[in-house]
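Accompanying notes for the structure given below.
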Amino acid sequence: MSLVNRALFMIERNLHRDLSLGGIAEACGVSRFHLAHAFGEATGVAVMEYVRRRRLTESAYALASGATRSGGKALGWCTSKAGFWLGSQFGPKARASKW
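Numbering (this note's numbering), first residue to last: 139 to 237.
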């Protein structure tokens with residue numbers, strides 16, 4: 139499995155956890171610089187930008203599919219499931235996103 143595929147696998151499996159470039163690189167057995175360079179070359183996106191976009195996508199999907207908690211949609215619950223621990227993190231990042 140290529141380095142980028144290992145990184146993508148690690149990100150997808152841990153999207154709901156606190157992720158960092160250093161932690162992802164360590165899990166892949168390479169330096170942060172090496173991972174950042176290889177990932178950017180292969181995808182055209184920085185590692186942590188990819189993580190942010192995936193979390194936004196998961197949050198949007200959860201809301202659109204009617205994710206519920208206590209009988210109703212709960213933005214806080216949906217965003218926390220996607221790895222945003224504070225609702226205040228979600229709004230500005232969603233607005234700044236270039237989907």
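All C-beta atoms in this analysis are idealised placements derived from N, C-alpha and C, irrespective of residue type, glycine included.
In the displayed model, H154 falls within coil according to three-state DSSP, outside both helix and strand.
Between R190 and N152, the alpha-carbon positions lie close to 13 Å from each other. For V168, no alpha helix (DSSP H) run applies, since DSSP gives it neither H nor E. At the C-beta level, V185 and A145 come within 9 Å of one another. A Cβ-Cβ separation of about 6 Å places L159 in contact with A174 under the 8 Å criterion. Less than 9 Å divides the Cβ of F177 from the Cβ of L141. DSSP places M186 within a helical segment (H, G or I) once states are collapsed to three. In this structure Y188 is in contact with I149, their Cβ atoms being roughly 7 Å apart against a cut-off of 8 Å.
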